[in-house]
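Quick notes on the structure that follows.
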Amino acid sequence: MSRLTPAYCALALLALACEKPASTQPPAAQPETAATPAPSPVQRANLVAREPVGAGVLAALDTNVDPCTDFYQYACGGWLRKTPPPADKPRYGRGFGEVTDRNNEVLRAILERSAAGKSKDPIETKLGSFYAACMDEPAIDKAGIAPLKPLLARVKTVKDANTMMTVVGGLDLDLFGGHGPLFDLFVEPDPKRPEVYVAFVDQGGTGLPDRDFYLKTDERSKSLLAAYQAHVGRMLGFLGDAPEVAADLAAKIVGFETALAELQTPRDQMRDPDKTYNLLGVEGLAKLDPELNWAGFFKSFGYAKLGTDLNVTVPGYFEKLGALLRGTDPATLQAYLRWHILRVSAAALSKDIVAADFQFTSALTGAKELSPRWERCVGWANMGLGELVGQAFVKERFAGASKDIALEMIAAIEEAFAAGLPALAWMDDATRTRAIEKAQALHNKIGYPDAWRDYGKLKLQRTHAGNGQAIRKFLLQRDFDRVGKPVDKGEWHMPPALVNAYYNPSANEMVFPAGILQPPYFSAEFPMAMNFGGIGMVMGHELSHGFDDQGRKFDKDGVLREWWDPGVAAKFETRAKCIETTYGGIEVLPAVKLNGKLTLGENIADFGGIKAAYAGYKLHASKKPEEPLIQGLTSEQLFFIGFAQGWCTHETPESQRLRATVDPHSPPKQRVNVPLAHFPAFSETFQCQPGAAMRAKDACELW
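Going letter by letter, the sequence shown gives residues -24 to -1, 1 to 679 in mature numbering (1 follows the signal peptide of the UniProt record, and there is no 0).
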């Protein structure tokens, strides 16, 4: 996936696959009365489907559960009971999981045809070369660590902090694609000049997913850090280090990464785009620590003339980084680089290295098995060559009237959202007018790009590890060659076969790849109630990102600037605090609570998304009414069920703990139950009485 920084608010995060929902505390506020409310009449209804689509909906239900007590379990209990979680997926859902599986089968067929054929078409040739090399396990096993030796040889030249910076620059270019040791580098539109690309430099450099994994002192965290250290030592053995030497080096590496983590700003404090905008340029970055060899870094990185077009997200991190490097002995710095060269390359190496790497991944995520080789190769192709393999994918999976229907839905949702703004008493007229203008200025991208990305400069071979390095370098150079140049407004930041969607504030655009425009989220054959509950909620979610705690700071033209009346902004913050507090009190596992600050933007988008999608559906239905799909359910009830059934999910406890730390999205059960419990139209539709868990006493509302 292209780097999606806080500026790109996507529907879902992480490729760490997933399984069984944890039981959680009730999603809503305290009940109004102590009396047990009457069950919803829908629970006892005689439900009969009139066609196969409806039969699939009914099969996923658990009608023994009152929808006003736990709507997620009511909508998903049948699917959860009948669908065993795959051993290789720590999180697996009826939406993201099953759709990804179906998409992957299509991609597999495309790639296998390319690898087996003898076409002279350049697209077929590239895809075939990549997939054939990826699937050639005997050749990969025979090569061992040979693909890393030229890179490892560079590490020996590290003698101090200055030479460290020079070596890191070259490794970032040739291996890491900007996301390597010490910090991250990437390119995006300038938040205050969204028509121009600038480079970003961000804190980073640790092997674990978050600073908390190094700094928390509870027993579980300390145990996981010890397991990580043992893993580093075990992996260094593949580079030829004797066990006692590897163990000593692993301790030093983890100590150094812990020191990096101590310099980092907590994840939930990185969400304010005003605070992470510091266009210092290379000269300003160097002034943060005049002793640090930034000139050597950028020269070996291949971009010595970046100049003023460089944003430093966390200046405090780079003020302190040089002192840490100067205080660390060269042997530790070399060991740290060797480990990260192996870490980022491990999945592309021999079976024994892949198995050892998975051993720690399993501890982190709860995955019981490694995914099949073909599936991993398909995933790498989709992320690295997405707009090559995506061209054939859209021909097979996104044909007919799909795009026209999706655009019709978006138009209804946007119209309904704008029509609802006058009812928000907390907004003043001037801010409301600008908000309506922003909603009306939204750009929508559906299915796939109008112009496909040019991969002509990418040279692939039949060496898997080498191909991975070549793709990362190609993508990095493609981005950094554009710094200071006009932004390509037609560019996509996700491949068309990906099951995801995003809002991009710098372009004020929503993007919906063909990969997610599939059942159960969307089908040209579905009743519109299901489409609006499924992909319509996704559309409303992404639209609401333009007005969440981050997106609201960008105007209709994608410029980061203040366009709100100060008093209205304060009222927004008060209402947002209600949502933050609601989620911050939810315990997904014993002693594991959600981070209300980290998840605030996604939760606002979920709250706004269901309201906008429902309003859009009602508007559409007023013009094009349809017969109910299922006897005993109204179309409005089907809308909410269609929404919830896209989130039916199994998840391991390990994955739940990991995501509670790093994922800005709430877990699937909370993404369903909490917004619905705070949405009056849901309670009205299912006749949830005061005191029901799915009817919050003190409902939060923003949009």
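Beta carbons: idealized from backbone N, C-alpha and C, even for Gly. All figures in this text were calculated on a predicted structure; none of them were measured in a lab.
query	result
Buried versus exposed, by CB contacts within 10 Å (16 or more), A207	Per the sequence shown, residue 207 should be read as His rather than Ala. Classification of H207: buried, given that the 10 Å Cβ count is 16 or more.
Proximity below 9 Å, CB of S659 to CB of D582	no
Assigned secondary structure, I121 (DSSP; H/G/I helix, E/B strand, else coil)	coil
Length of the line joining the Cα atoms of G53 and L23	16 Å
Proximal residues to E485 (C-beta, below 8 Å), its chain only, five neighbours per side dropped	L418, H419, N420, K421, Y479
Proximity to A394 [Cα-Cα], best of T409, C110, A280	T409
Contact test: L678 Cβ vs the ligand SAH heavy atom, cutoff 8 Å	Summarising the ligand content, the structure contains no ligands, and the ligand SAH is consequently not present.
At least three beta-carbon pairs within less than 8 Å, the region 454 to 464 to the region 341 to 348	no
Beta-carbon proximity check, P15 vs M670, cutoff 9 Å	no
4 or more residues per run - each alpha helix (DSSP H) lying fully within the region 272 to 328	291 to 302, 306 to 321
Residue-chain proximity (G120, chain D), Cβ-Cβ < 9 Å	In the structure shown, chain D does not exist; there is a single protein chain.
Contacts around N138, its chain only, beta-carbon distance under 7 Å, and the 5 residues preceding and following it disregarded	N269, G272
Per-residue burial, D244 [other beta carbons within 10 Å of its own, 16 or more giving buried]	exposed
Under the three-state DSSP convention, the category C44 falls into	coil
Of the residues V354, F498, V514, the one placed nearest A477, counting alpha carbons only	V514
Supposed contact pair G153 and R448 - C-beta distance, whole angstroms, cut 8 Å	3 Å
Helix, strand or coil at K58 [DSSP, three-state]	helix
Unbroken stretches of the alpha helix (DSSP H), 4 residues or longer, contained in the region 406 to 476	440 to 456
First and last residue of the uninterrupted beta strand (DSSP E) at G355	G355 -> not in any beta strand (DSSP E); alpha helix (DSSP H) instead, spanning 349 to 360.
Uninterrupted alpha helix (DSSP H) stretches inside the region 505 to 586 (no shorter than 4 residues)	513 to 521, 542 to 560
Check whether E186 and T637 have beta carbons under 9 Å apart	In the sequence on display, residue 186 carries Asp and not Glu. Yes.
Beta carbon of P496 nearer than 9 Å to that of R70	yes
C-alpha distance - K102 paired with E363, whole-angstrom precision	12 Å
Residue environment, A401, which counts as buried when at least 16 other CB atoms sit within 10 Å	exposed
P398 classed as buried or exposed, judged by whether at least 16 other C-beta atoms fall within 10 angstroms	exposed
Sequence-distant residues of the same chain with beta carbon closer than 7 Å to N80, five excluded per side	E351, V354
Helix, strand or coil at Q179 according to DSSP, with G and I counted as helix	strand
Residue range of the beta strand (DSSP E) that includes M141	Here M141 belongs to no beta strand (DSSP E); instead the alpha helix (DSSP H) covers 137 to 147.
Distance, R247 Cα to N571 Cα	13 Å
Of the listed residues V29, A36, Y48, Y107, nearest to V648 (C-alpha basis)	Y48
Given V131 as reference, the closest of Y593, V475, A311, L361 once Cα atoms are compared	A311
Residue nearest to L161 in terms of C-alpha spacing, selected from V177, S321, L37	V177
Boundaries (first-last residue) of the beta strand (DSSP E) holding M486	485 to 489
Q607 - partner residues in DSSP beta bridges	V24
Residue interval of the alpha helix (DSSP H) (run including P644)	644 to 653
Cutoff 8 Å; reference C676; Cβ partners in own chain excluding five residues on either side	R551, C554, I555, T558, F583, H654
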